[in-house]
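Chains as they are written, first to last, in the working numbering: chain Y, 16 to 125; chain W, 8 to 120.
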């Protein structure tokens with residue numbers, strides 16, 4: 016599976032949109048982009064995933080560039096409870112394990 | 008109802024003991040996983056089962072043995088516990104091996120003294 020690069024940390028003001036970038040320049044055609052987060056002392060939580068098209072659910076939006084080499088997770092109105100480590104993971108469509116990197120620590124501040 | 012439940016939540020034990028961690032999912036998922044998160048916070052996959060069949064077995068000491076009595080349960084047994092086994096162990100499940108999100112449990116914090 017392709018590797019991903021994320022900034023180690025980011026800050027965001029409460030109520031503002033949090034935009035978390037991820038680079039995956041070696042992604043191949045059958046690989047999906049997944050986002051998870053881990054709030055302190057809890058299990059990881061699935062947020063969203065996509066292949067080519069932008070995706071939106073009740074938690075977030077995922078914007079994937081046309082060349083698929085990077086993506087952005089958008090939390091539209093960040094709250095203090097969104098403070099967590101956010102993981103961007105690339106995984107092929109079938110069978111491969113989900114491999115977590117170091118992620119981005121997002122701190123939402125009031 | 009908790010979707011993926013692990014027991015116990017905390018486990019403190021002495022070196023050399025044998026212990027088990029249990030995991031159950033009520034989501035009807037076919038695939039289950041064990042992950043280990045060490046003190047440096049990296050999450051590493053250990054094992055995966057699909058419909059009771061072992062499909063992923065990472066480089067894990069033989070002292071770790073998973074068992075899946077049915078597709079809703081995946082237990083982890085650890086023999087001869089060592090200090091380095093201290094970590095948080097997470098169980099997860101997914102509908103299958105395809106492009107699905109995983110649902111994780113809340114973790115079992117194992118401390119070996």
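Backbone N, C-alpha and C define an ideal beta-carbon position, used for all residues, glycine too.
Item	Value
Identity of the residues DSSP links to residue 32 (chain W) by a beta bridge	W:11
Own chain residues within Cβ distance below 7 Å of residue 10 (chain W), not counting five before or after	32, 33, 34 and 110
Limits of the beta strand (DSSP E) - the one that residue 112 (chain W) falls within	Careful: residue 112 (chain W) lies outside any beta strand (DSSP E) and carries neither H nor E.
Top-ranked residue by Cα proximity to residue 74 (chain W), from W:68, W:67, W:66 and W:83	W:83
Cβ separation of residue 108 (chain W) and residue 101 (chain W), assumed to be a contact under 8 Å, to the nearest whole Å	7 Å
C-beta contact flag for residue 25 (chain W) and residue 87 (chain W) at 8 Å	yes
Interface flag, residue 117 (chain W) vs chain A, CB-CB below 8 Å	Note that chain A does not occur in the displayed structure, where the protein chains are Y and W.
Contacting residues, own chain, Cβ-Cβ under 6 Å from residue 55 (chain W) (five flanking each side not counted)	40, 62 and 63
For residue 91 (chain Y) and residue 32 (chain Y), believed in contact at Cβ under 8 Å, the rounded distance	5 Å
Contact with chain Y by residue 28 (chain W), beta-carbon distance below 8 Å	no
is_contact[residue 15 (chain W), chain Y] using C-beta, thresh 8 Å	no
Helix, strand or coil at residue 96 (chain Y) according to DSSP, with G and I counted as helix	helix
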